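Let me begin by presenting the structure, written as structure tokens, before commenting on it.
There are 2 protein chains.
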Amino acid sequence: MPALARLCALARDAATLRSVHALLNWDQETYMPPAGAPARAEQQALIASLEHERRTSPELGDLIAACEADASIPADSPWAALVREMRRDYDLAVKLPASLVAEIAKTASESTEAWKAAKPRSDFDAFAPWLTRMIGLARQKAACYGHAPLGEPYDALLNEYEPGMTARQVEAIFTPLRARLSDLVARIAASPKPPSDAPLRVKIEPDRQHKFGLFVLESMGFDLKAGRLDTTTHPFCEGLAPGDTRLTTRYRESSFADALYGTLHEMGHGLYEQGLPKSGSLRTPDGETIPLAGTPLASAISLGIHESQSRLWENFVGRGRPFWEWALPHAKKFLGPALEPYAPDHLYKAANIVRPSFIRVEADEATYNLHIMLRFEIERALLRGSLEAKDVPATWNRLFKESFGLDVPDHARGCMQDIHWAFGLIGYFPTYTLGNLYAAQFWEALRAASPNLDEHLRTGNFAPLKSWLNTHIHAPGRRYRAGDLCQRVTGKPLSADPLLRHLEGKLGPIYQL
Amino acid sequence: MPALARLCALARDAATLRSVHALLNWDQETYMPPAGAPARAEQQALIASLEHERRTSPELGDLIAACEADASIPADSPWAALVREMRRDYDLAVKLPASLVAEIAKTASESTEAWKAAKPRSDFDAFAPWLTRMIGLARQKAACYGHAPLGEPYDALLNEYEPGMTARQVEAIFTPLRARLSDLVARIAASPKPPSDAPLRVKIEPDRQHKFGLFVLESMGFDLKAGRLDTTTHPFCEGLAPGDTRLTTRYRESSFADALYGTLHEMGHGLYEQGLPKSGSLRTPDGETIPLAGTPLASAISLGIHESQSRLWENFVGRGRPFWEWALPHAKKFLGPALEPYAPDHLYKAANIVRPSFIRVEADEATYNLHIMLRFEIERALLRGSLEAKDVPATWNRLFKESFGLDVPDHARGCMQDIHWAFGLIGYFPTYTLGNLYAAQFWEALRAASPNLDEHLRTGNFAPLKSWLNTHIHAPGRRYRAGDLCQRVTGKPLSADPLLRHLEGKLGPIYQL
Chain A
1 MPALARLCAL ARDAATLRSV HALLNWDQET YMPPAGAPAR AEQQALIASL EHERRTSPEL
61 GDLIAACEAD ASIPADSPWA ALVREMRRDY DLAVKLPASL VAEIAKTASE STEAWKAAKP
121 RSDFDAFAPW LTRMIGLARQ KAACYGHAPL GEPYDALLNE YEPGMTARQV EAIFTPLRAR
181 LSDLVARIAA SPKPPSDAPL RVKIEPDRQH KFGLFVLESM GFDLKAGRLD TTTHPFCEGL
241 APGDTRLTTR YRESSFADAL YGTLHEMGHG LYEQGLPKSG SLRTPDGETI PLAGTPLASA
301 ISLGIHESQS RLWENFVGRG RPFWEWALPH AKKFLGPALE PYAPDHLYKA ANIVRPSFIR
361 VEADEATYNL HIMLRFEIER ALLRGSLEAK DVPATWNRLF KESFGLDVPD HARGCMQDIH
421 WAFGLIGYFP TYTLGNLYAA QFWEALRAAS PNLDEHLRTG NFAPLKSWLN THIHAPGRRY
481 RAGDLCQRVT GKPLSADPLL RHLEGKLGPI YQL
Chain B
1001 MPALARLCAL ARDAATLRSV HALLNWDQET YMPPAGAPAR AEQQALIASL EHERRTSPEL
1061 GDLIAACEAD ASIPADSPWA ALVREMRRDY DLAVKLPASL VAEIAKTASE STEAWKAAKP
1121 RSDFDAFAPW LTRMIGLARQ KAACYGHAPL GEPYDALLNE YEPGMTARQV EAIFTPLRAR
1181 LSDLVARIAA SPKPPSDAPL RVKIEPDRQH KFGLFVLESM GFDLKAGRLD TTTHPFCEGL
1241 APGDTRLTTR YRESSFADAL YGTLHEMGHG LYEQGLPKSG SLRTPDGETI PLAGTPLASA
1301 ISLGIHESQS RLWENFVGRG RPFWEWALPH AKKFLGPALE PYAPDHLYKA ANIVRPSFIR
1361 VEADEATYNL HIMLRFEIER ALLRGSLEAK DVPATWNRLF KESFGLDVPD HARGCMQDIH
1421 WAFGLIGYFP TYTLGNLYAA QFWEALRAAS PNLDEHLRTG NFAPLKSWLN THIHAPGRRY
1481 RAGDLCQRVT GKPLSADPLL RHLEGKLGPI YQL
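Order-wise, the sequence lines are chains A and B. So for the first sequence, the numbering used here puts the first residue at 1; every next one is plus one. So for the second sequence, the numbering used here puts the first residue at 1001; every next one is plus one.
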């Protein structure tokens, strides 16, 4: 078999193991009975170690080297990009010993169970030993990856999620963003005429919310024959395998917008997964046609780009006036009479209320980024060793008071609210705000390219928007790095300006600033 | 590591892969979106081949041989049984080439999807090529296993499910059983006073049925923290992993007994899985304590014994008069007013109506075994090569007419009703009737040992029964072969007499024969 074809076959094999691991995780969050947790941890550790074996096999290294040396692969071709990305993944993977990979997988699974048990009781003491272990493992991982001479452990982990980005670069973007956002939030807080949140506080049974969520998903083009929507404590999207993309959300009777925006968010991720060319194939320079499933050309670029897709549907579509002009009549049908008194403008304004609050996943579009900055600061300090796990609650509560002016009432609404640290996702949070920034910049580009966009959205015609995203963002897979894609699609490097223009342009009129 | 400890570690590793494969299957039947099927087939094939690698590794063979030669393991100890059973599994596994194992797994997955699509349309032509492939693979498998000089291909497959049993032995039990059963069914058909099935034809919403099913499971001692109950086309139980036993059932509004007895049946399997010593451990002759999970000592003996547990709860408990004396007041609460007019005796009699019908899983306790005999005859002929897949419908319909006096109206209610052949479970059906026979014989033994059994059941005290089964049937795992267990527990070899005594003793008075 020619090297390129064999390389793709190995990638596909490793991706199949990854998809099995993803099912183990999905099932653990959705349907696994609690007593199954110890066995699940063993299953995860075993599959993770098998996947790691595949991703670090000497044969894979040899094939990558052979393809790099193959002059018949044009430098600007998708195949060159595939080899470049497989080199990146391989170099990262060989730096981690299999024993560490297995230990992280097993500990993450147990730690997640401990977090799930301790969170409802706000019992940080029960969770602290697990956090200590997960931070310790993250530092071990960072040490294995290494970082540039001027860098820090954080960079090594961030690079897993957002290739090439550093903590220093994140800080450079976050610092001015924080200043302008804080100013905007302060002016909003002083506004004498805040909108009413009454339309979002009506009571709606979870079952009705679920049916409405499915209707919205289908209307927007999410393929439910190739996907699902379930309920979990912490919503997520898992692009499990070709033809199998799973979303989760959660329902609260007295706050239907939580589930609705959560569903739109995960659907944005899901449309990206469904838009990647997982059932596509491509001819090699040798003239062989190779399926792309499991290769970098059918994979997401970075978490920041992934998040840009979720934010775009959640905030740029879902919190826009045209959305509510389309959605409200359907919402009234699906959700019952409680919404009858309201017009689209009421929902539009209510969905854009800015108000400091405790829970990140329920935060508004403006304060959300302040939640991220707080987490970034804490996990950076944990990795540097200047903060210990046991001191996280005190530090969290102090920083929260500074940023939001609020006293954290309990750890469930404080430092224990997110699954990320329990699961070992450390160095991951900044990608949420990077996603907001990418989304804003893409949104400006697609508005410029689609002058009738608002009219389409208002009439429930989501196909042109989805099609633009499919073509420009989804189809290339990892052909380009995030920064390059941004430059190609928007003509400019990433900047905080589009997001600030978007927020100020929308919130100014709503709050009569 | 001493050989015995290392042997158990390898068994555990293979069992972990099996549990992952089981989750892939469970998910495919319950929640997987349809477009995920091709990727699922690849996942299953990969995991199956990894499991097969483990089960056939030369290291495993060497360890088994080392333990067999180890004089410090007493011949009548559980450890000797463990080595004996691992030898059996190893010898079977090394006979199958990895490529055949992978092909069977992948084809079974695709064939199951084809069956699912074709069955509602009774489209046998669409399914026939898949049945041909699955039979071809089963014959290949039988050829790899081989059989005794006087045996036939069927024996090789039956031995997978019911170690040591042969088609000839099955025939020897089935022939007289068929004669006495046919006579009983004929006398029942001639009875002038059949009971009314009205109490089972009331309409009950599926959601109420589900809640009642969960109540019954909990009352009988099935641990829902270590298990689940979901909905599938074809109900099953999957003892997925330690602490994770999953049951499925299906609901029909106009026939709540289908789901209730289906749930009791799968619960019987589930109690066996939960009763196996999966979280137990045992000291080796070296003084080392080894966990039993994944070893033969924490596994089921045979499908016949497994089925005896499901039949015992479904038929011997659930279709008994004491059950309805306990259950009816609860059923009235959970299922609503439709059952108000009825007394326990009405339900007891209705649940024991004997009437030839098309669907095996809905058949009564007496005619059920006639369904099995028909399938046994057909698959035996398919494996011998005296019948081709394309001729299955005509043969099925002819044999069905002979046994039941009924014309099969369509293939969905005929030869396409079961998932087994689509999934490659060929040589499996006889174990259902063997299960009925074992159940009857165990039931006689436990009634002799527990004179107050009826009183316990009548008052909802299921603990003594469950405890007897835990001790005598579940706890030994595969320490004894099925025939030996039967002899130990009941003092006699397996015989058809207890089942016939049970059916004649119960149905005689109901039908006033």
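In this text, a Cβ means the ideal position worked out from N, Cα and C, and glycines have one as well. Being a predicted model, the structure only gives us computed values, none of them experimental.
When secondary structure is reduced to three states using DSSP, B:LEU1282 falls in the strand class. Secondary structure note for A:ALA241: its beta strand (DSSP E) is the uninterrupted segment 237-241. Runs of the alpha helix (DSSP H) spanning 4 or more residues and lying entirely within the region 82-119 of chain A occur at 98-118, in chain order. When DSSP assignments are scanned along the region 319-346 of chain A, the uninterrupted stretches of alpha helix (DSSP H) that are 4 or more residues long and fall wholly within it turn out to be 321-335. Residues of the region 1098-1128 of chain B that bring their beta carbon within less than 7 Å of a beta carbon in chain A are absent altogether.
Residue contact with chain A for B:LYS1390: absent (no Cβ-Cβ distance below 9 Å to any residue of chain A).
CA-to-CA, the gap between B:GLU1273 and B:CYS1486 works out to about 19 Å.
The C-beta of B:GLN1043 comes closer than 9 Å to at least one C-beta of chain A.
For a Cβ distance threshold of 8 Å, residue set ALA1039 and GLN1043 of chain B lies close to A:SER19, ordered along the chain.
As a beta-bridge residue in DSSP terms, A:THR249 pairs with A:THR231. Against chain B, the CB of A:LEU271 has no partner CB under 9 Å away; the residue lies outside that interface. Linking A:ILE104 to A:ALA422 through their CA atoms gives a straight-line distance of about 11 Å. The secondary-structure analysis by DSSP pairs A:THR289 across a beta bridge with A:ARG283. Chain B has a Cβ within less than 9 Å of the Cβ of A:TYR31. Distance from the CA atom of B:ARG1208 to the CA atom of A:LEU247, rounded to whole angstroms, is 28 Å. Between A:LEU10 and A:LEU63 the beta-carbon gap is near 7 Å, inside 8 Å, which marks them as a contact.
Contact note: B:LYS1225 reaches chain A through PRO33, PRO34 and ALA35, using a C-beta cutoff of 7 Å and chain order. Assignment of beta-bridge partners to A:ASP258 by DSSP yields no partner. In this chain, the alpha helix (DSSP H) harbouring A:VAL170 covers 167-189.
Between A:LEU82 and the set A:ALA298, A:ALA128, A:LEU17 and A:VAL170, the nearest pair of CA atoms involves A:ALA298. Contacts with chain A at 9 Å (Cβ-Cβ) include B:ARG1228.
With fewer than 16 neighbouring CB atoms inside 10 Å of its own CB, A:LYS203 falls in the exposed class.
Shown here for A:GLU152: same chain residues with a beta carbon closer than 7 Å to its own, the five before and five after excluded, namely ALA167 and ARG384 in chain order. By the beta-carbon neighbour count (other beta carbons within 10 angstroms, threshold 16), A:ALA143 is exposed. Using a CB distance below 8 Å, no part of the region 1481-1512 of chain B faces chain A. In this chain, the alpha helix (DSSP H) harbouring B:PHE1124 covers 1124-1145. In the structure shown, the three-state DSSP call for B:ASP1244 is strand.
For the region 242-268 of chain A, residues whose beta-carbon sits nearer than 7 Å to a beta-carbon of chain B comprise PRO242, GLY243 and ASP244. Pairwise C-beta distances place the region 171-189 of chain A out of contact with the region 238-245 of chain A, as fewer than three of them are shorter than 8 Å. Sequence-distant Cβ neighbours of A:LEU446 in its own chain, meaning closer than 6 Å and more than five residues away, are TRP468. In the three-state DSSP reduction, A:MET416 falls in the coil class, being neither helix nor strand. Our two residues, A:ALA41 and A:GLU110, have alpha carbons roughly 7 Å apart in a direct line. Contact residues of the region 193-221 of chain A toward chain B are absent (C-beta to C-beta distance below 9 Å).
Shown here for A:GLY405: same chain residues with a beta carbon closer than 7 Å to its own, the five before and five after excluded, namely PRO356 in chain order.
Taking 9 Å as the CB threshold, A:THR289 stays off the interface with chain B. In this structure A:TRP324 touches A:PRO344 by the C-beta definition: roughly 4 Å separates them, less than 8 Å.
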